[in-house]
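Heads up, the thing below is written out as structure tokens.
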Amino acid sequence: MTDIVRRESNERLSRVVIHGDTVYVAGVTSNAAGGITEQTRDVLKKIDGYLAQAKSDKSRLLSVQIWLKDIERDFDGMNAAWAEWVPANAMPTRATCEAKLASPELLVEIIVTAAKRPKYPGGPMSEA
Numbered sequence: 001m002t003d004i005v006r007r008e009s010n011e012r013l014s015r016v017v018i019h020g021d022t023v024y025v026a027g028v029t030s031n032a033a034g035g036i037t038e039q040t041r042d043v044l045k046k047i048d049g050y051l052a053q054a055k056s057d058k059s060r061l062l063s064v065q066i067w068l069k070d071i072e073r074d075f076d077g078m079n080a081a082w083a084e085w086v087p088a089n090a091m092p093t094r095a096t097c098e099a100k101l102a103s104p105e106l107l108v109e110i111i112v113t114a115a116k117r118p119k120y121p122g123g124p125m126s127e128a
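Quick note, the sequence shown lines up with residues 1 to 128 if you use the UniProt record's numbering.
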């Protein structure tokens, strides 16, 4: 048994890596049609799923990196979707940057790091 668990791996990356009590989710993009708000909501929904598979959730976020195709145009729309999604009492550290993304239709990519949920409140962390 290894202390590192890798999920949805291919020749380039693992979608999720779990090491100890920490969950790392690789950059998530959207395949939704629409603008920045729709794409951001789609990405955040996918992140919910990846975190759930790793026995975590958005209330356990530690750090987030958000990459926008056009930060001037899309920052407010992304932040609107973000504000709907992230728990107000569990804000992670966050950086938002502008970047040339992998394809022209992509407007946002988000990378997250989170803590796993404890097996029971106040107890040891859950297994991968």
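All residues carry an ideal CB built from backbone N, CA and C; glycine is no exception.
Since this is a predicted model, take the numbers as computed values, not measurements.
Which residues DSSP lists as bridging residue i, in chain order
i: Leu61; result: Ala114
i: Glu98; result: Leu68
i: Ile4; result: His19
i: Val108; result: Leu68
i: Tyr24; result: Val17, Thr113
i: Ser9; result: Ser14
Nearest-angstrom Cα separation, counted from residue j out to residue i
i: Asp42; j: Ile36; result: 10 Å
i: Ser103; j: Lys69; result: 10 Å
i: Ser56; j: Thr22; result: 9 Å
i: Ala95; j: Lys119; result: 30 Å
i: Thr40; j: Cys97; result: 14 Å
i: Lys116; j: Leu44; result: 18 Å
i: Ala54; j: Glu11; result: 21 Å
i: Ile18; j: Glu8; result: 12 Å
i: Ala80; j: Glu38; result: 10 Å
Bounding residues of the alpha helix (DSSP H) (the contiguous stretch that carries residue i)
i: Lys46; result: 36–53
Nearest-angstrom Cβ-Cβ length linking residue i and residue j, presumed shorter than 8 Å
i: Arg15; j: Tyr50; result: 7 Å
C-beta neighbour in chain C for residue i, strict 9 Å
i: Trp67; result: Annotation note: the requested chain C is absent from the structure, which comprises a single protein chain.
Within 8 Å, do at least three Cβ pairs link the segment 50–70 to the segment 105–115? yes
For the structure I just gave you, are there three or more beta carbon pairs, one from the segment 23–33 and one from the segment 88–97, closer than 8 Å? no
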